[in-house]
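Here the working numbering is used: the first residue of the sequence shown is 28, the next is one more, and so on. Note that beta-carbon positions come from the ideal geometry of N, C-alpha and C, so glycine has one too. The structure appears right after this line, and notes come after that.
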Amino acid sequence: MKLRLVTILICWFSCSAAQQKWDIRFYHEMRDREINIFADNREPMPVSAQFDFTLKNLTSTLGNKNIIVIPAGASRFLISTLKPIVNNAANEFSYNNTYNFGNVLLQDYDEDYVYDLPFEKGKSHLIYQGYDGTFSHQGIAALDFNLKTGDKVFAARDGLVVEVVQDNNRSCPNISCAKFNNRIVIMHSDGTFADYAHLKLQGSVVRKGQQVKKGQHIGYSGSTGFSSGPHLHFAVFLNRINGNRQYLKAKFKTAEATDAYLEQGKTYTKQ
Numbered sequence: 028m029k030l031r032l033v034t035i036l037i038c039w040f041s042c043s044a045a046q047q048k049w050d051i052r053f054y055h056e057m058r059d060r061e062i063n064i065f066a067d068n069r070e071p072m073p074v075s076a077q078f079d080f081t082l083k084n085l086t087s088t089l090g091n092k093n094i095i096v097i098p099a100g101a102s103r104f105l106i107s108t109l110k111p112i113v114n115n116a117a118n119e120f121s122y123n124n125t126y127n128f129g130n131v132l133l134q135d136y137d138e139d140y141v142y143d144l145p146f147e148k149g150k151s152h153l154i155y156q157g158y159d160g161t162f163s164h165q166g167i168a169a170l171d172f173n174l175k176t177g178d179k180v181f182a183a184r185d186g187l188v189v190e191v192v193q194d195n196n197r198s199c200p201n202i203s204c205a206k207f208n209n210r211i212v213i214m215h216s217d218g219t220f221a222d223y224a225h226l227k228l229q230g231s232v233v234r235k236g237q238q239v240k241k242g243q244h245i246g247y248s249g250s251t252g253f254s255s256g257p258h259l260h261f262a263v264f265l266n267r268i269n270g271n272r273q274y275l276k277a278k279f280k281t282a283e284a285t286d287a288y289l290e291q292g293k294t295y296t297k298q
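Spelled out as structure tokens, the structure:
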């Protein structure tokens, strides 16, 4: 049998361009004349992968360019079995692999969930850039709260911490600095994620893989990355396989309303 393997792993990141390397491994094993492709996912969240196969005298149990979701913590998760079409003939295969964290196939989520404001009780803060804001929120549903550097940040919803970046200490008002964003990303029970960004240097008090509760202190606001000054950037999103985020508008409980969409230029108080 002639066997050729060319593996190209392309890791797509969120629009933050954070250089996070997810702890996932793809590999193959041969048994008789079949080739099994496996994944080990050591991440605390599911990872979605798409395979583009080039096959000679082989068929794949996973359709070409189909997306498969690898569960959190999975070991030897079977991606595909390649089977010969004609026995005793040469086989060749290669594939391109694209992956992103989360279940990128997810469409249904809790649209009615009401989030807590991500700052201290009794405090009031201005939304100085809202959904589709002109500075850095064009086309995205994200909110910028005017927290100062060192202000405490609190979880807006229960969830699992899936990413912590806190080693950056640079910023500028240009997209080129997005790679310096310090952030905490939390996965919720419905598969959505919340991004708490621009935290200060060493501004996290939680760790990856930790469960957190709504209202729990998770970090400190700052001005790292793509930022023109201290604030907290907050966004709820779903990931897609092409590396893009699908941003979701979130309702919040405030002193002024039980479930409100926050608006740019308005100040809100946390009860």
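Three-state secondary structure assigned by DSSP to residue i
{"i": "residue 202", "result": "helix"}
{"i": "residue 146", "result": "coil"}
{"i": "residue 176", "result": "coil"}
{"i": "residue 256", "result": "coil"}
C-beta atoms of residue i and residue j nearer than 9 Å
{"i": "residue 233", "j": "residue 188", "result": "yes"}
{"i": "residue 216", "j": "residue 253", "result": "no"}
{"i": "residue 227", "j": "residue 250", "result": "yes"}
{"i": "residue 92", "j": "residue 120", "result": "no"}
{"i": "residue 276", "j": "residue 144", "result": "no"}
{"i": "residue 85", "j": "residue 62", "result": "yes"}
{"i": "residue 168", "j": "residue 263", "result": "yes"}
Whole-number beta carbon distance between residue j and residue i, since they are thought to touch under 8 Å
{"i": "residue 230", "j": "residue 193", "result": "5 Å"}
{"i": "residue 139", "j": "residue 258", "result": "About 27 Å separates the two Cβ atoms, so there is no contact after all."}
{"i": "residue 147", "j": "residue 175", "result": "The Cβ separation is near 12 Å, so there is no contact."}
Contacting residues, own chain, Cβ-Cβ under 7 Å from residue i (five flanking each side not counted)
{"i": "residue 133", "result": "218, 265"}
Chain-order list of residues whose beta-carbon lies under 6 Å from that of residue i (same chain, five-residue window excluded)
{"i": "residue 292", "result": "none"}
{"i": "residue 214", "result": "72, 186, 187, 189, 220"}
{"i": "residue 69", "result": "50"}
{"i": "residue 101", "result": "68"}
{"i": "residue 107", "result": "64, 87, 88, 89"}
Bridge partners - residue i, DSSP secondary structure assignment
{"i": "residue 94", "result": "77"}
{"i": "residue 192", "result": "210"}
{"i": "residue 169", "result": "262"}
{"i": "residue 60", "result": "Note: residue 60 sits in no beta bridge, so no partner."}
{"i": "residue 231", "result": "246"}
Own chain residues within Cβ distance below 8 Å of residue i, not counting five before or after
{"i": "residue 235", "result": "71, 188, 189, 190, 191"}
{"i": "residue 267", "result": "127, 131, 273"}
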